[in-house]
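The sequence shown lines up with residues 46 to 201 when you count with the numbering used here. C-beta atoms are modelled at their ideal positions from N, C-alpha and C, and glycine is treated no differently.
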Amino acid sequence: MKELLVAQYDMIADSRETLLNYCEELTPADFIISNPSFGRGSIRNLLVHIGSTYQYWIGQHALNRPMNYPAYEDYTSVKQCRAFFEEIDELISAFLQQFSNTYFHSLNFSINNNEVTATPLKLFTHVITHEFHHKGQILSLSRHLGYTPVDTDIVR
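Next comes the structure, spelled out in structure tokens:
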């Protein structure tokens, strides 16, 4: 099972790399400009939010690691976001190693004073689908800014 999830995450990281390469074509102003029609406001904010969500579910809850959640304003370039995602890749690697034989084991934690139970597989599925949801928003936002989005699908 670990090999399957590693292969799946590699495909996700490849798609993310395509997205980040595309984002490097944006002007610095367009990268950080806020559009209130989109959940987190800007392409930069969406990228940081994606990474922070990996930190929250995989780092903090699955791996029980203290996380330093970055402020959106700490990131002003795609290069900085790319470095953040390299840290996320390391978290995922540790996660896949730690839970390599227990993907269906229940994990219990508290969120907003509510007890939550989820398996490592469920947490992994949550963060990767969350990333793709926001990736779509990033591409839509770039279209609103006058760019032609690139194909970032897994099969392309």
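For the alpha helix (DSSP H) that contains residue i, what are its first and last residues?
{"i": "N19", "result": "Outside the shown range of the chain (46 to 201) lies residue 19, about which nothing can therefore be said."}
{"i": "L152", "result": "Element bounds for L152: not the alpha helix (DSSP H) but the beta strand (DSSP E), L152 to I156."}
{"i": "A128", "result": "V123 to Q143"}
{"i": "V195", "result": "No alpha helix (DSSP H) contains V195, which DSSP labels as neither H nor E."}
{"i": "N66", "result": "K47 to C68"}
{"i": "S87", "result": "Taken as a continuous stretch (DSSP letters only), S87 belongs to no alpha helix (DSSP H), as it is neither H nor E."}
Return the chain-ordered list of same chain residues with a C-beta closer than 8 Å to the C-beta of residue i, the five sequence neighbours on each side being excluded.
{"i": "A74", "result": "none"}
{"i": "D198", "result": "S60"}
{"i": "L108", "result": "L136, A139, F140 and Q143"}
Once the 5 residues before and after residue i are set aside, which same chain residues still bring their CB inside 7 Å of it?
{"i": "Y114", "result": "S97 and Q100"}
{"i": "F2", "result": "Any question about residue 2 goes unanswered here, given that the chain covers just 46 to 201."}
{"i": "M56", "result": "I199"}
{"i": "V51", "result": "L141"}
{"i": "R110", "result": "G104"}
May I ask which residues mark the beginning and end of the beta strand (DSSP E) holding residue i?
{"i": "E160", "result": "N159 to A163"}
Nearest to residue i by alpha carbon, out of the options?
{"i": "I156", "options": "S79, L49 and Q105", "result": "Q105"}
{"i": "M112", "options": "Y54, A52, T121 and L136", "result": "L136"}
{"i": "N90", "options": "V200, N153, Y67 and H179", "result": "H179"}
{"i": "A139", "options": "T72, A128, Y117 and F169", "result": "F169"}
{"i": "P165", "options": "E48, F144 and A58", "result": "F144"}
{"i": "T121", "options": "E69, Y192, M46 and S185", "result": "E69"}
{"i": "D134", "options": "I103, N146 and S185", "result": "I103"}
Just to confirm my understanding: we take residue i, look at its own chain, exclude 5 residues before and 5 after, and list those with CB closer than 6 Å. What are they?
{"i": "L92", "result": "C126"}
{"i": "Y54", "result": "I137"}
{"i": "Y117", "result": "N90 and V93"}
{"i": "T162", "result": "S151 and N153"}
Just confirm the distance between the C-beta atoms of residue i and residue j, as a whole number of angstroms; I'd bet it's less than 8 Å.
{"i": "I173", "j": "I88", "result": "Their Cβ separation, rounded to whole angstroms, is 20 Å, which puts I173 and I88 out of contact at 8 Å."}
{"i": "V123", "j": "F177", "result": "Going by Cβ atoms, the distance from V123 to F177 rounds to 19 Å, so no, they are not a contact pair."}
{"i": "N80", "j": "H171", "result": "With 8 Å as the limit, N80 and H171 do not qualify as a contact, their Cβ atoms being about 26 Å apart."}
Buried or exposed for residue i, please, with buried defined as at least 16 other CB atoms from any protein chain shown within 10 angstroms of its CB.
{"i": "F149", "result": "exposed"}
{"i": "S82", "result": "exposed"}
{"i": "S187", "result": "buried"}
{"i": "L64", "result": "buried"}
{"i": "A128", "result": "exposed"}
{"i": "L49", "result": "exposed"}
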